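**Q** First residue of the sequence shown? That's 829 in this note's numbering, and the numbers climb one at a time after it.
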Amino acid sequence: DSIKIKNVEYFKAQRDGKILLIVPAIGHLFTVSHEKKEGQKGFQYPVFDLVWIPLFKKLERSKRKNKQYYQNKNLIDVHKKVSQVCSDYIVACDYDIEGSTIGYKILEYCLNQEKLKKANRMKFSSLTETEIINSYKNMMKTLDFNLIYSGICRHEVDYLFGINLTHALTHSTTQLEKINFFLLSTGRVQGPTLAEIVKREKEIMNFIPKDYWVINGYLKHNRKKYDIHYPTDKFFDETKIDEILKECEGKPGIISDIKTSNFSRNPPVPYNLSELQDDAYKFYKYNPSFTLKMAEKLYLDSLISYPRTSNQIIPKSINLKKPIQGLMKDPKYYERCKNVLKTKLIPTSGKKTDPAHPPIIPTGNLPPTKMKKTEEKIFNLVINRFFSLFGEPAIFEKNQYKIFVNGQIFTLSGQKLIKEGWLYFDPLNHKRIKSIQLPPFKLKQQVDIHLEKEKKQTKPPPRYNTNSIRKWMEKEEIGTKATRSDIVNKLYQRKYLAKKRIEPTTIGIRLIEVLEKYVPDILSIEMTRDLENKMNKIEMGEIKKEEVIEEAKDELKDILKKFKKDELDIGREMEKSIIETYEDQNTIGPCPNCTDGILKILYSKKTKKRFIGCTNYPKCTTSFPVAQKGKITSLNRTCKYCKETYNKKYPMVKLNLPGRRPFSTCVNWNAHKKKNSGEKKKDE
């Protein structure tokens, strides 16, 4: 049965003679905050007195009584009310560090310590009916306290670093004459990550290209061209390549050696989150956070197992026939399912393990309705990988000819797939196989070759993208599998990064330069990694959370002491880049009514209200009213409606208003035919 109180829907069910009341938790209902000391104002620091409070109270403090405020308050009220009529308590949130922390904090708020100790925990890796029932029957007799303490510790340590470093950085700018207020922030994982991106950018900026030469050669046979290769791929001395080309000029090529061999490509190992994110980026250029979002949607729809896992080994306890038989009901999977069932059903295994969850595999359930294309692509990646685990190695034949040209040796290579193996089950990887069929040359056969040199330049290291920086974080063991992609998103939101091929902004570069100069410990990978390892030890029951939190405070005290000493200098060195960022953030685009004016967010001296106006004032009086609250961002494109209607290029902007979803609109919205708000389009 469904029951609704205060706009919160919860459920009543019966099992084994017991009445169950099931109340949802939408994310974290409680959050870390800090208690201000008497007389403490604004962005003063240090801040060490932490407290967990309901999210609605934090929103109340910041005067944001929006939809989220009422939703959170009502949910907590319903949890409290329902808990008072129950005798037993079960946490059935996702079985991971966040789910355990969410469930614990709700029960801690609703119950006394004695009841809390007796609470049970359901453990599951998919939301299929069978697994949920089994999880209920075999629930843990107590909560997973080590996981809970690790989660609490992670939240508190992240908050300690985030709030103190943000306060310190922001406070350093409040004493400058030209800057009224500018929010600067960093964190224990954000800092080292941004530092690595800035380091790479400086390598690119300081890179001096060198000239080099390559031999481009091909063999012509029956009107077809086949690329041939010289053993040395780069020549930095042009005279050497000229000598080789001179020796070969006008000389025939002779087949001097023929080699044919087979090689195999083994089937892949089961997907964990990192591998899934890799493939989603490789095939579809989906950024890691989007892939995680899609995978979580598939998990909630009972289509795949829990995605936030590191595991690459499928436990023997999992019934592998069940998902295959379920997928067999869909005609597009039928043939592959039939062939998988002909195997011994022994999957491959990787090296990485995760005690909480198996690798990502399909549940066997099929989507009840048509899926979105993005979801379907991720779903098919999971299915393709799952089928491939049972396949045999793919076998290739490699052919290689060595071509003798007046003392110089060139190589002609080709390959072809002779046995599909696991590639049969994975159409996407199958399509990427390139076969090069070579002519059947004989030993000592003369062939027609063509050679020329090409001048090139060495290239700098590539910029990071959202996936490669995630992999760097994983390699350095900072952040978690679930939070790494979110860290990169935060750096974008704070305007420290720009573009898909990640470039640090002026303020992002300057921030790292200043921190490296005055407080390099903030950017220490070793310190961050050490904290990560200790939080993992809490999870294993090897160390107490209080020890780790106190150690983090001690490290912060040293950092903040150094910061306080040079606070004014830090603010001064950030000043120029902050002013440039202000200018950039307030710039909307070219004025449509004059030739050289720029539309900017300006403030009226008389009313103090903001508006969008032209920098050519009073020569140009173009101006537009805007909302007085929220964030306005240029979309770097113009309005199609205004171009068609008025033949003028009015810029488009994105508005983030308090309590509303972001939407895009034209600066000339007031003149649009649609009532009041003009043509608004919700951002996806």
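Cβ coordinates follow ideal geometry from the N, Cα and C atoms, glycine included. Bear in mind that the values here come from a model prediction, so they are computed numbers and not experimental data.
1. What alpha helix (DSSP H) runs, 4 residues minimum, are completely inside the stretch 1332-1375?
2. Determine, using beta carbons only, whether residue 1417 and residue 1443 come nearer to each other than 8 angstroms.
3. Report the start-end ranges of each alpha helix (DSSP H) in the stretch 1133-1209 that is 4 residues or longer and not cut off at the edges.
4. Determine the contact status of residue 1185 and residue 1134, defining contact as a CB-CB distance below 8 angstroms.
5. What number of angstroms, rounded off, separates the C-alpha of residue 1465 from the C-alpha of residue 1480?
6. At a cut of 8 angstroms, does the stretch 915-927 reach the stretch 939-958 through at least three beta carbon pairs?
7. What's the gap between the Cα of residue 827 and the Cα of residue 1485?
8. Drop a sphere of 10 angstroms on the beta-carbon of residue 843, count the other beta-carbons inside from all chains shown, and report buried for 16 or more, exposed for fewer.
9. Please report the distance separating the alpha-carbon of residue 1509 from that of residue 1490.
10. Would you please state the rounded distance, in angstroms, between the beta carbons of residue 1328 and residue 1293? I believe it to be under 8 angstroms.
11. If you draw a straight line from the C-alpha of residue 880 to the C-alpha of residue 1207, how long is it?
12. By the DSSP assignment, the beta strand (DSSP E) with residue 1056 in it spans what residues?
13. I'd like the list of long-range same chain contacts for residue 1312, defined as Cβ closer than 6 angstroms, with 5 residues on each side in sequence excluded.
14. Starting from the N-terminal side, write out each stretch of the beta strand (DSSP E) that is 3 residues or longer and does not extend beyond the stretch 1078-1134.
15. Can the beta-carbon of residue 1367 be found less than 8 angstroms from the beta-carbon of residue 974?
16. DSSP on residue 950, reduced to helix/strand/coil?
17. When we look at the beta-carbon of residue 1018 and count the other beta-carbons within 10 Å, is it buried (16 or more) or exposed?
18. So what's residue 1288 in DSSP terms, helix, strand or just coil?
19. Cβ atoms of residue 1253 and residue 1338: under 8 angstroms apart, would you say?
20. Sorted by chain position, which residues of the same chain lie with C-beta nearer than 7 angstroms to residue 1350's C-beta, five sequence neighbours on each side aside?
21. Three or more C-beta pairs under 8 angstroms: does that hold for the stretch 1149-1167 against the stretch 978-993?
22. Just verifying my parser: in three-state terms, what is the DSSP assignment at residue 1243?
23. Nearest by alpha-carbon distance to residue 1088: which of 1440, 1322, 1228, 839 is it?
24. At a cut of 8 angstroms, does the stretch 1075-1084 reach the stretch 1185-1195 through at least three beta carbon pairs?
25. In or out: residue 1029 buried (at least 16 other Cβ within 10 Å) or exposed?
26. Grab the span of the beta strand (DSSP E) containing residue 1040 for me, first residue to last.
27. To which residues of the same chain is residue 1326 closer than 7 angstroms at the C-beta, ignoring the five residues directly before and after it?
28. What distance in whole Å lies between the Cβ atoms of residue 1180 and residue 1138, which are believed to be in contact at a cut-off of 8 angstroms?
29. What residues in its chain sit with their C-beta under 7 angstroms from that of residue 1322, if we drop five residues either side in the sequence?
30. Can you tell me whether residue 1276 is helix, strand or coil according to DSSP?
31. Below 7 angstroms CB to CB, which residues in the same chain sit around residue 1119 once its five sequence neighbours on both sides are set aside?
32. Taking Cβ to Cβ, would you say residue 903 is nearer than 8 angstroms to residue 896?
33. Rounded to the nearest angstrom, what separates residue 898 and residue 860 at their Cα positions?
34. What's the gap between the Cα of residue 1381 and the Cα of residue 999?
35. Taking 8 angstroms as the threshold (C-beta atoms), are residue 1143 and residue 1190 in contact?
36. Take the Cβ of residue 1037 as the centre, count every other Cβ of all protein chains shown within 10 Å, and call the residue buried at 16 or more, exposed below.
**A** So, from the data block:
1. 1334-1346, 1353-1367
2. In this structure, the beta-carbon distance from residue 1417 to residue 1443 does not fall below 8 angstroms.
3. 1149-1155, 1159-1168
4. yes
5. 6 angstroms
6. yes
7. Here the chain covers residues 829 to 1512 and nothing more, so residue 827 does not appear.
8. exposed
9. Caution applies to residue 1509, whose pLDDT of 45 falls short of 50 and renders its modelled position unreliable; the value that the coordinates give is listed next. Answer to the nearest angstrom: the Cα atoms are 9 angstroms apart.
10. 6 angstroms
11. As the crow flies, the alpha-carbon of residue 880 is around 38 angstroms from that of residue 1207.
12. Per DSSP, the unbroken beta strand (DSSP E) holding residue 1056 starts and ends at 1052-1056.
13. By the criterion of a C-beta distance shorter than 6 angstroms, residue 1312 is surrounded in its chain by 1298, 1301, once the five residues flanking it on both sides are discounted.
14. 1081-1093
15. Between residue 1367 and residue 974, the CB-CB gap stays under 8 angstroms.
16. coil
17. buried
18. Residue 1288 falls in the coil class under three-state DSSP.
19. Cβ atoms of residue 1338 and residue 1253: not closer than 8 angstroms.
20. The beta carbon of residue 1350 is closer than 7 angstroms to those of 993, 1014, 1019, 1343, 1387 in its chain, skipping five residues each way along the sequence.
21. Cβ pair count under 8 angstroms is below three, so no.
22. strand
23. Residue 1088 has its Cα closest to that of 1228, out of 1440, 1322, 1228, 839.
24. no
25. buried
26. 1039-1049
27. 1333
28. Correct: roughly 5 angstroms between the Cβ atoms.
29. 1013
30. DSSP, reduced to helix, strand and coil, places residue 1276 within a strand of the structure shown.
31. Counting only Cβ-Cβ distances below 7 angstroms, and skipping sequence neighbours, we find 1104, 1105, 1108, 1206.
32. Going by C-beta atoms, residue 903 is not nearer than 8 angstroms to residue 896.
33. 19 angstroms
34. 20 angstroms
35. no
36. exposed
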